[in-house]
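Everything below concerns the one structure shown next.
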Amino acid sequence: MGEVIVITSGKGGVGKTTTTANVGAGLAKLDKKVILIDTDIGLRNLDVVLGLENRIVYNLVDVIEGNCRIKQALIKDKRYPSLYLLPSAQTRDKTSVSPEQMKKLADELRGEFDYILLDCPAGIEQGFQNAIAGADRALVITTPEVSAVRDADRIIGLLEASEMKQTQLIVNRIRPDMVKRGDMMTSNDVVEILAIDLIGVVPDDENIVISTNQGEPIVGSDAMAGRAYMNICHRLLGEDVPYLDLTIKKGFFSKLFGKN
Amino acid sequence: MAIFDILKRRSSSTVAKDRLKLVLVSDRAGCSPEIMEQIKNDIIEVISKYVEMDTEGLDIRITQTESEGDNGTVPALIANIPIKDMKMKQHGK
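Residue numbers (the numbering used here), protein chains in the order written: chain A, 2 to 261; chain B, 1485 to 1577.
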């Protein structure tokens, strides 16, 4: 039976969609059968991050309303043979779907897929309630900023209240240079404040912008962010993977001869 | 003086952490501004029976403090109540 994982954050723009795309592609690289569902109805995004925007015929609302069969709406990613996308509807709104309908859909997909990843909309309204309804596990994304961490804390409280079985944290966009100066909270600071388990730390990496521009996931590449996402995938599979060393190497010689 | 300012400056990440800890304590307590206002008014009512206080200067907030037991930090309601006239009012009428 497949596992249903919701990727959520509260605050917008902290990297939910990028994380969904890269964790999904990474799990597919590890030979898992994966479906990504964009639950942000009205603000469709996951398709462009994955570079699949030209292949959409049917969408999530079509499936829920029975205008098509699930199989017809799924887009198969040609680069990763076991990766599928169910895109969101662009011309509808969040009230087109209910939490019960989302739960039923996720449960139907469990038999077919190893992992069902739900890209959650920002906010704590109906879109959020829809996305978390059928999930077994939640990944909460935050950046090391006061506003994002505060919203993450609120989301964690709501997930606890709705009896989410497992909630884990991804700290995104760490800038080692700023951490070293004392001008950015470390991932440990954020974990200490939010008091939940960490599953990933992703550095701020300009390669993410480049990969999103191109519609190509970065996971598995040699870029720091690509390695960080792959590590998250291994941890989701239950492997114990050490965290990347994001500290800045001191001194001129270590810069010249350091591995990174 | 400038050099002292630089030495005194806390790193902005420490400032962020401290601010977050405070804001989350009141967020998690789920205490709305209306309830805080009610608590404040009730405190004024009770304390005014005994001493004359500066109601404008009264400040109450939810924050956190080290517990005296071994429970780490716990939420605490802190009230700062400036007293105008220390002379105790006659209790009763």
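Think of the CB as a built atom: it goes at the ideal place given N, C-alpha and C, for glycine as much as any other residue.
Item: Would Ala-1500/B count as contacting chain A if we go by Cβ distances under 7 Å?; Value: yes
Item: Applying the 10 Å Cβ sphere with the 16-neighbour rule, what's the burial state of Met-225/A?; Value: buried
Item: Rounded to whole angstroms, how far is the Cβ of Val-98/A from the Cβ of Val-50/A, which I believe are closer than 8 Å?; Value: That belief does not hold up - the Cβ atoms of Val-98/A and Val-50/A are roughly 21 Å apart, past 8 Å.
Item: Apply the 10 Å Cβ neighbour rule to Arg-45/A and answer buried if 16 or more other Cβ atoms are within range, or exposed otherwise.; Value: buried
Item: Consult DSSP for Thr-40/A and reduce its assignment to one of helix, strand or coil.; Value: coil
Item: Hey, does Ser-1495/B have any beta-carbon neighbour from chain A nearer than 7 Å?; Value: yes
Item: With DSSP collapsed to three states, give me the class of Tyr-1534/B.; Value: coil
Item: How about the stretch 226-243 of chain A and the stretch 1541-1551 of chain B: do they share at least three Cβ pairs that are nearer than 8 Å?; Value: no
Item: Starting from Val-1530/B, find everything on chain A with Cβ-Cβ shorter than 8 Å and list it in chain order.; Value: Simply none; closest approach about 32 Å.
Item: Just the C-alpha distance for Gly-183/A and Arg-1493/B, rounded to the nearest angstrom, thanks.; Value: 11 Å
Item: Excluding the 5 residues flanking Asn-261/A on each side, which residues of the same chain have their C-beta closer than 6 Å to its C-beta?; Value: Its pLDDT being 42, under 50, Asn-261/A is placed unreliably by the model, and the measurement read from it follows with that caveat. For Asn-261/A, where only same-chain residues beyond five positions count, there are no Cβ hits under 6 Å.
Item: Between which two residues does the alpha helix (DSSP H) carrying Ile-156/A extend?; Value: 147-162
Item: At which residue ranges does the stretch 68-99 of chain A contain complete beta strand (DSSP E) runs of 3 or more residues, listed in the order of the chain?; Value: 84-87
Item: Which residues in the same chain have their Cβ closer than 6 Å to the Cβ of Ile-142/A, if we skip the five residues on either side of it in sequence?; Value: Ser-10, Val-15, Gly-16, Lys-17, Thr-20, Ile-171, Asn-173
Item: Out of curiosity, what's the CA-to-CA distance linking Val-210/A and Ile-1528/B?; Value: 56 Å
Item: Check distances from the C-beta atoms of the stretch 1504-1523 of chain B to those of chain A and list, in chain order, the residues that come in under 8 Å.; Value: Leu-1504, Lys-1505, Val-1507, Leu-1508, Asp-1511, Arg-1512
Item: Tell me the residue span of the beta strand (DSSP E) that contains Tyr-116/A.; Value: 116-120
Item: Sort Val-1535/B, Glu-1518/B, Thr-1557/B, Val-1509/B by Cα distance to Pro-1566/B and report the nearest one.; Value: Val-1535/B
Item: List the residues of chain B that Ile-197/A touches, going by C-beta distances under 7 Å, in chain order.; Value: Simply none; closest approach about 13 Å.
Item: What number of angstroms, rounded off, separates the C-alpha of Val-202/A from the C-alpha of Val-242/A?; Value: 12 Å
Item: In three-state DSSP terms, what is Thr-187/A?; Value: coil
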